[in-house]
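Reviewing the structure listed below.
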Amino acid sequence: MFTTTLGPLHLRSPLIAASGTVGSVVDFAEVGALESYGAAVAKSVAPVRWDGNEPPRLGSSGAGMLNAIGIQNPGIDAWRAAYGPAIADLPVPVWGSAVGGSPEDFAVVAEGLAAAGVTAVELNLSCPNLEGETMFALDPKAAARVVERVRNRVDTPIGAKLSPNAEDIVAVASAVADAGADWLVLTNTAWGFAVDIATRRPVLRRAVGGYSGPPIKAIAMRCVWEVGQALPQLPIVGCGGVTNGADVVEYLLAGASAVAVGTAHFAEPRVGARLSKELGKYLKSHQTTVSDLVGGAEPW
Ligand SMILES: Cc1cc2nc3c(=O)[nH]c(=O)nc-3n(C[C@H](O)[C@H](O)[C@H](O)COP(=O)(O)O)c2cc1C
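To get the numbering used here, take the position in the sequence shown, counting from 1, and add 7.
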């Protein structure tokens with residue numbers, strides 16, 4: 008009833024814990040409901056340690072969350088030493104997430120993650136391209152170069168995580184698929200900004216940050232829909248604003264084969280257990296399965 012397929016991977020559940028919201032996964036095991044997910048994605052890792060941005064780097068705006076953490080991480084060697092040995096004992100398949108400033112950076116991290124024993128590698132393409140002018144995920148050619156380099160270096164299944172800020176998300180999706188991505192994650196956060204009216208300062212020290220949570224659901228859903236319509240063979244993990252079982256069903260109907268949940272973990276660390284229950288209720292009452300729902304939105 009719950010099983011789903013993402014290219015070469017078979018998942019016991021379509022629910023995925025999104026990168027950056029469950030730490031290394033290892034250190035989320037005590038507070039989260041890891042057994043509820045088909046996979047959990049660790050925080051993105053770079054080739055060397057990144058200290059992240061200066062606070063304030065988290066804030067809220069409306070029903071959403073703003074962050075400019077700056078992908079604070081210990082670097083792949085330290086990450087592998089700290090978490091690699093614990094991965095196999097967790098009650099969920101762990102995926103790694105790679106970031107970097109060049110295709111080679113991503114390849115080095117992907118090799119380290121694969122050696123640490125992750126089941127799959129997500130490429131967080133929503134970070135600045137140090138060799139170019141903008142983030143990888145906004146530029147089909149730059150994004151494809153990253154995927155191609157990683158594809159040539161690891162056998163691990165690869166997911167490419169794109170940005171809703173891309174001008175033409177279908178063009179980026181098509182380029183990374185041609186370069187060897189096994190699936191897409193749609194999407195990362197959307198650029199956002201807020202001002203604190205008491206201090207008159209931007210909520211985030213860096214002013215602009217990543218906006219997440221319920222207000223971005225329709226934006227990420229639009230990406231899933233457009234890419235799903237244009238490239239129906241390419242598996243998609245929908246991601247953005249999921250807080251209940253109905254959101255999960257919506258993403259599946261729009262064309263996602265799996266659905267990642269992120270920001271909801273901050274208010275409700277065990278949200279995966281509730282989502283699983285609510286999805287199960289829907290499947291039972293509608294006498295359907297996850298695979299039957301995928302791309303099942305009816306035309307007008
Ligand atoms: C505090 C925070 C940190 C995040 N860090 C990462 C990260 O390291 N790598 C990544 O690919 N996505 C990261 N994300 C993005 C989420 O994985 C997810 O794509 C996004 O928040 C949209 O989903 P949501 O609305 O369910 O949170 C982060 C999100 C938040 C809120």
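Ideal placement from N, C-alpha and C gives every residue a C-beta, glycine not left out.
When you compare only the Cα positions, how much space is there between residue i and residue j?
i, j, result
"S264", "V301", "6 Å"
"G166", "H272", "22 Å"
"D162", "G91", "18 Å"
"G119", "R281", "34 Å"
"N80", "S51", "7 Å"
"E138", "K148", "12 Å"
"G103", "V202", "34 Å"
"V29", "G66", "18 Å"
"V297", "H17", "13 Å"
"A144", "A49", "20 Å"
"V177", "V154", "16 Å"
"V231", "G262", "6 Å"
"A75", "R208", "15 Å"
"P63", "R213", "8 Å"
"V244", "K224", "13 Å"
"A25", "V266", "9 Å"
"Q294", "A253", "15 Å"
"A150", "R87", "25 Å"
"A197", "A173", "10 Å"
"P164", "A188", "8 Å"
"I83", "E140", "25 Å"
"V116", "V157", "9 Å"
"V55", "G71", "31 Å"
"V33", "F113", "22 Å"
For the candidate residues the options, whose alpha-carbon lies nearest to that of residue i?
i, options, result
"L97", "S43, A75, S283", "S43"
"Q308", "F9, L13, M8", "Nothing about residue 308 can be read from this structure; the chain reaches only from 8 to 307."
"G269", "V177, E111, A227", "A227"
"E305", "R160, K168, V255, Q236", "Q236"
"G248", "L73, P92, P164, G303", "L73"
"G27", "L130, D112, T126", "L130"
"P242", "A47, P276, L193", "L193"
"S68", "S219, V157, P21", "S219"
"A46", "A70, T10, V55, A75", "T10"
"K168", "A205, P63, A127", "A127"
"A95", "R229, A40, A36", "A36"
"N251", "V234, R229, K288, G217", "K288"
"S31", "G279, P100, E61", "P100"
"G107", "S133, V125, A123", "S133"
"L290", "A184, G279, G199, V255", "V255"
"G303", "L260, P222, A70, L211", "L260"
"V183", "A93, P110, G59", "P110"
"D146", "R160, A114, A180", "A180"
"K279", "A40, D112, A93", "Looking at the sequence shown, residue 279 is not Lys but Gly. The candidate whose alpha carbon is nearest that of G279 is A40."
Would you mind sorting residue i into buried or exposed? The rule is 16 or more other CB atoms within 10 Å of its CB.
i, result
"R152", "buried"
"V38", "exposed"
"I23", "buried"
"K284", "exposed"
"W190", "buried"
"E257", "buried"
"A121", "buried"
"M142", "buried"
"R277", "exposed"
"W57", "buried"
"I78", "buried"
"A205", "exposed"
"S170", "buried"
"D175", "exposed"
"P15", "exposed"
"N195", "buried"
"R215", "In the sequence under discussion, the amino acid at residue 215 is Val, which differs from the Arg named in the question. So V215 counts as exposed."
"S20", "buried"
Between which two residues does the alpha helix (DSSP H) containing residue i stretch?
i, result
"V115", "110-123"
"Y90", "83-94"
"V255", "252-261"
"V297", "297-300"
Which two residues bound the contiguous beta strand (DSSP E) that contains residue i?
i, result
"G287", "Counting along the chain, G287 falls outside any beta strand (DSSP E), though it belongs to the alpha helix (DSSP H) covering 278-292."
"A24", "22-24"
"A265", "265-268"
"A46", "46-48"
"A271", "No beta strand (DSSP E) contains A271, which is instead part of the alpha helix (DSSP H) from 271-274."
"M8", "Here M8 belongs to no beta strand (DSSP E), and DSSP marks it neither H nor E."
Any beta carbon from chain B within less than 9 Å of residue i's own beta carbon?
i, result
"F35", "The structure shown contains no chain B; it holds only a single protein chain."
Please give me, in chain order, every unbroken run of the alpha helix (DSSP H) with length at least 4 that falls completely inside the region 165-249. Within the region 165-249, the complete alpha helix (DSSP H) runs of at least 4 residues are 176-185, 224-237.
Fully enclosed by the region 140-166, which beta strand (DSSP E) runs are 3 residues long or longer? None, since the region 140-166 contains no complete beta strand (DSSP E) of that length.
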